[in-house]
Every structure is written in C-alpha cells, then in structure tokens.
Amino acid sequence: MTTPLTGISLVGMKTVDDIRAYLDYIGPEARFELSYTTQPGFLEEIAPLVEGRVISVHACCPATEYFPNFGSADPEVIQTSFEDMETTLRTALRFGASAVVLHAGYVTDLAMPAVYSRRKAIIDREEFRRDIRHPDGAICGPEYPFQPHYRRHADIARQQLVTLARRYADAGVALAVENLNPRVGYLFQTPDEMVELAHLDPTLYLCLDVGHLYISAQAYGFDYLEGIQKIAGTGKVATTHLHSNRSGNGRFEDDHANFYDNAFPDKEIIAILSTCGAALVLETLEDPVGNTLHLTQRLTEKLAPTED
44 MTTPLTGISL VGMKTVDDIR AYLDYIGPEA RFELSYTTQP GFLEEIAPLV EGRVISVHAC
104 CPATEYFPNF GSADPEVIQT SFEDMETTLR TALRFGASAV VLHAGYVTDL AMPAVYSRRK
164 AIIDREEFRR DIRHPDGAIC GPEYPFQPHY RRHADIARQQ LVTLARRYAD AGVALAVENL
224 NPRVGYLFQT PDEMVELAHL DPTLYLCLDV GHLYISAQAY GFDYLEGIQK IAGTGKVATT
284 HLHSNRSGNG RFEDDHANFY DNAFPDKEII AILSTCGAAL VLETLEDPVG NTLHLTQRLT
344 EKLAPTED
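Each residue of the sequence shown is one higher than the last, beginning at 44 in my numbering.
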C-alpha cells in the first residue's frame, strides 16, 4: 500500500520562528498547506522556508478582503471571486502546490467579508436567522440544503465551479472544494452534496474536512464514518483537513483542536482515508509537532504488514 502524502496547514503557525522550529524537529520531509489567513508580507517572509514543501494552498492566498462567493448572482462578486482565485492559482504555481482548497460560496448574493465581525453582521440578518435551528453557532437543521433559496445559490455555485476547475486544470492544479460546517449561509455541508460535486466534472475535486463533517453529522443525524466513506468513495478527494472538535450533545464547535483530542475516532478516519489517494493535511491550531507525530503513528499502525 502506498503511503499517503501528509502535511500541515500553516494556519496554526503565526511566526517565522514557529515554522523554523517545526522544520528543525520534523526535518526535510515536512510539507505544508498555505493558509487563507496569510498576509502578503508574511508570505514573502516564509517563502525561503516553505518553497518546494507546499502541497496545497487554502484559498485565498495571500489573504483577501472578501472570501470567494461563487454562489452569488451579482456579476461583480463573481468577477472578484474569479480574480482572487487567479491570484491564488499564481501562488500555487509559485510554490509548487498540486491542489487549491476552496470554500465555494454562500447563500447570499453579497460579498462575504473575511473579517469575522463584518461577516457575522451579515449572518445575523433576518434572511439567515430564519433558518437557524441551534442559536449557539447559528447552526441550521437537516432541511436547510433543500430550501429553495439554498438550492438557488448552490446551483449557481456548481456552474461557476466547473468553469473555475477547468481553468485550474489547464494550469496543472486541482481545485478541491471543501465541505463546510452546518452554519446558516454556508454552501455544501453534507456527504450527498459532496458526492454531487464529485460527479459534476472530471476536473473538479474535493477537500474532505473531517472536523466540519463531524459537526454536520451531529446537526443532521447521519452516520459520521459512513459519511466519510461515502465521500472518499467518490475517488475525487484530492486532499483532506484533519482536526477534532468538542461537538456533541447539543454542542456544535468548530475548534480545530488537536487531532488526537476529544475522543475523536482518528484511527477509524485514517483507516478510511489512507486508502483513497488523498493527501492528509492537519488543520489544527496548536501543537504542530505533536499532531504530526500522532498522524505518523496512526499511518504506521495502518500500513504495517500483518502476519499471516
């Protein structure tokens, strides 16, 4: 069995010294995903350390004022989204990344600010509040992806994503759409939606975020590991995001906590994902070395030869 490519997002490394310390411990095999929080100046600072070690880029990179919203019917929002994704494509090509991860869009025609306080002001509007099932976290219910207004924006996004994926494929980079957590306003939250995306076009790929899917399973009531298997079974998962959270019993938290914490079923997750051809990328906010060593251990356990 081929050992999967592994890496870690830079979202949890805030300084050049953080990255240097990680490299000193892990060694030359260290690989990274550039984060959507990376400012232009910081990107230039870290370039000498990470060039040749980047396996994926999380859009947009460098960071932009607005997140892409390919679910919008506003031509200006769509144009800006394509322009920002073109900049991210240049970043991917510069650093040698094979995939770009994208949050595809939102259930609104508005541009979605990257700054949380401005984004929350939009999510707090009545058009979103009506779909909230669990107020803490603005979590929706299982009927949300079937609402006409949700479907309208999802249909727009699917059309735009095919165009974008083909552009990326022409440049030799895979566009990987990420499943989001079940918050109102967010597109593509469930296994069925991800399977539908996988079948849209040969050039369109997926990023399976296991933490987000865990929250969706808690909110919507589907079997979590079966959901992972369903998405992985498409053969279109280019990369993954590995992290845990404290969700459950009415709690919905996108903690991006250590992959080894919260009694998370990490062993079962790796058993599924290690055979689907996807890169395994940690997207944790703390303990980069500890998470990397834990992932390596889990892979070693999975890939170790068994005695006859």
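For each residue, glycine too, the CB sits at the ideal point set by N, CA and C.
Grouping DSSP H, G and I as helix and E and B as strand, with all else coil, what is residue i?
i    : result
D351 : In this prediction, D351 scores a pLDDT of 48, lower than 50, which makes its location untrustworthy; no coordinate-derived value is stated.
P178 : coil
A186 : Reading the sequence as shown, one finds Glu at residue 186 and not Ala. It is coil, neither helix nor strand.
S78  : coil
L230 : coil
L336 : helix
Y193 : helix
M56  : coil
P331 : helix
G254 : helix
Y367 : The requested residue 367 is not part of the displayed model; the chain covers only 44 to 351.
Y109 : strand
P71  : coil
G291 : strand
A142 : strand
A322 : strand
S124 : helix
How about residue i and residue j: do their beta carbons lie closer than 9 Å?
i    : j    : result
V143 : S99  : yes
M237 : N224 : no
L218 : A212 : yes
I89  : A73  : no
L336 : V253 : no
H196 : L240 : no
G148 : I182 : no
H146 : F110 : yes
H299 : G55  : yes
R210 : L132 : yes
G215 : L136 : yes
E338 : T49  : Note on identity: in this sequence residue 338 is Leu, with Glu being the wrong assignment. Yes, the pair counts as a contact, with Cβ atoms nearer than the cut-off.
Among residues of its own chain, excluding the 5 on either side of residue i, which ones have a beta-carbon nearer than 6 Å to its beta-carbon?
i    : result
Y65  : P331
E334 : One point to set straight first is that residue 334 is Asn, not Glu, in the sequence displayed. Here the set comprises N301, F302, L325 and T327.
G264 : none
G184 : R176
D174 : C183, Y187 and V227
T134 : V100 and C104
T246 : A208, R209 and A212
L86  : P105
Leaving out the 5 sequence neighbours to the left and right, which residues in its chain are closer than 7 Å to residue i when beta-carbon positions are compared?
i    : result
K310 : R341
Q261 : S290, G291 and F295
G95  : G139
A314 : K345
K279 : A241, Y248 and L249
A106 : Y79, T80, T81, Q82 and A157
Buried or exposed: where does residue i fall if 16 or more other Cβ atoms within 10 Å of its Cβ makes it buried?
i    : result
H286 : buried
T343 : exposed
P83  : exposed
H192 : exposed
S124 : buried
D351 : Note that D351 scores a pLDDT of 48, beneath 50, so its modelled location is shaky; the value from the coordinates is reported in the next line. Counting Cβ neighbours within 10 Å, D351 comes out exposed, since fewer than 16 surround it.
G70  : exposed
G270 : buried
V59  : exposed
F307 : buried
A102 : buried
D297 : buried
V234 : The sequence given here places Pro at residue 234; Val does not occur at that position. Buried, because 16 or more other Cβ atoms sit within 10 Å of the Cβ of P234.
Can you list, in chain order, the residues of its chain with a C-beta nearer than 8 Å to that of residue i? Leave out the 5 residues immediately preceding and following it.
i    : result
D266 : A260
L53  : I62, F75, E76, L77, S78, T81, I89 and V93
A321 : P47, L251, A275, V280, A281, T282 and T283
C319 : A275, G276, G278 and V280
Tell me whether residue i, by its Cβ, gets closer than 8 Å to a heavy atom of the ligand FAD.
i    : result
A147 : Looking at this structure, you won't find the ligand FAD or any other ligand, since it has none at all.
Hey, is the stretch 280-298 in contact with the stretch 253-265, meaning 3+ C-beta pairs nearer than 8 Å? Yes, since at least three Cβ pairs between the stretch 280-298 and the stretch 253-265 fall closer than 8 Å, the two stretches touch.
Would you say the stretch 110-124 touches the stretch 138-154, given that touching needs at least three Cβ pairs under 8 Å? yes
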